[in-house]
Ligand SMILES: O=C1C[C@@](O)(C(=O)O)C[C@@H](O)[C@@H]1O
C-alpha cells in the first residue's frame, strides 16, 4: 500500500507536493557577506532558503546572530527559511560547543523569524523531542537530518534512519550521503522510494552528494525527495549545482512526466 505524504506548506511553497522545491544556502562568514548573499538570493528567487549559521564567524554570539537574522529576514521575508547549525561530525563548517549550538537553535526558534530548523538524528530522541516541542509552540517546523560525508550506508540503514526521524516526530526527514560509486547513488534513490512507498507520511529530503550523485539532485523528486539543494552565491555541500541549471533540468524531467 502506498502511504500518503502530507505536504508541509509554508509561505505558499508545498514541500512534499507535486514538484521538488529548490533550496539555496546562505553561507557567508560575516554580516556583510551574508547581506550581499541575501540580495543575490532574492534576485534568483529560489523556493526556500537555508541559513547555514555554522559558517558564520560570530556563531557563538547569540545576540549578534539574532541581529543579523533580523536583517536577513528583512531581505528574504517572503521565502521559507531553514535555520541550520550543522554539527561538525555531520559536515559542519567548524566545531561549535554542543550546548551553545542547542541554545542558539532554541533562541532562534523563539524569535519566530525562521520557518524551519534542522536538527541531526544523532542528537537522540530526548533532545529532538525537546526541540520539536519548543519549535511547534512557536509554529516552526523541524527537519530531522542525517549526513554521511564518507560513504553511502546500506539501503536498510538509510531506510531505518529516515523512519526513525519520522518516529521521533519530525515534520520532514532528511538524509545526505556520499557515493563512492554509481551503485551507491542507486542505493540512495531506492531507499528513498521504499520509504516513500511503504513508510512515510511526512516529506523526505534525500541526496547523494558530489558530482557522482548529481542525478539525485536533479531527479530525486521522482523517487520521493521533496527538496533539492542548489548553489546560490556559493555551495554548502559537494555536488550542488547552480540553481538556474538545476531548475532547467528539473523542468525537462517534469514536462515529460
Ligand atoms: O543537509 C543538507 C543537505 C546538504 O548537505 C546537501 O548535500 O545539499 C546541504 C546542507 O546545507 C543541508 O543542510
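In my numbering, the protein residues as written are 32 to 288.
The C-beta atom is built at its ideal place from N, Cα and C for all residues, glycine as well.
Contact test: residue i Cβ vs ligand 1 heavy atom, cutoff 7 Å
i           : result
residue 267 : yes
residue 143 : no
residue 207 : yes
residue 252 : no
residue 122 : yes
residue 211 : no
residue 238 : yes
residue 52  : no
residue 81  : yes
residue 114 : no
residue 149 : yes
residue 67  : no
residue 279 : no
residue 38  : no
residue 271 : yes
residue 117 : yes
Between the CA atoms of residue j and residue i - distance to the nearest angstrom
i           : j           : result
residue 225 : residue 215 : 15 Å
residue 72  : residue 273 : 12 Å
residue 282 : residue 248 : 13 Å
residue 47  : residue 235 : 7 Å
residue 132 : residue 266 : 22 Å
residue 179 : residue 243 : 15 Å
residue 240 : residue 121 : 13 Å
residue 135 : residue 78  : 25 Å
residue 245 : residue 181 : 16 Å
residue 102 : residue 149 : 21 Å
residue 167 : residue 91  : 24 Å
residue 210 : residue 155 : 25 Å
residue 36  : residue 255 : 10 Å
residue 145 : residue 170 : 9 Å
Contact set for residue i: own chain, Cβ-Cβ below 8 Å, skip 5 residues either direction
i           : result
residue 253 : 284 and 288
residue 190 : 222, 225, 226 and 230
Where the alpha helix (DSSP H) containing residue i begins and where it ends
i           : result
residue 105 : 93-107
residue 90  : No alpha helix (DSSP H) holds residue 90; DSSP gives it neither H nor E.
residue 279 : 274-286
residue 245 : 245-254
residue 68  : 62-75
Closer than 7 Å: residue i CB and nearest ligand 3 heavy atom
i           : result
residue 108 : Among the ligands modelled here, namely ligand 1, ligand 3 does not occur.
Residues near residue i by beta carbon distance below 6 Å, same chain, minus five either side
i           : result
residue 68  : 57, 59 and 264
residue 262 : 271 and 273
residue 86  : 58, 60 and 124
residue 81  : 54, 56, 113 and 115
N-terminal and C-terminal residue of the beta strand (DSSP E) that residue i is part of
i           : result
residue 46  : 44-46
residue 55  : 52-57
residue 171 : Unbroken run through residue 171: none, as it is neither H nor E.
Contacting residues, own chain, Cβ-Cβ under 7 Å from residue i (five flanking each side not counted)
i           : result
residue 192 : 152, 177 and 206
residue 159 : 150, 175 and 199
residue 95  : 89
residue 277 : 53, 248, 249, 259 and 261
ask   = What are the uninterrupted segments assigned as alpha helix (DSSP H) that are 4 or more residues long and contained completely in the region 112-155, given in chain order?
value = 129-142
query = Can you list the beta strand (DSSP E) stretches of 3 or more residues lying completely in the region 179-239, in chain order?
reply = 203-208 and 235-239
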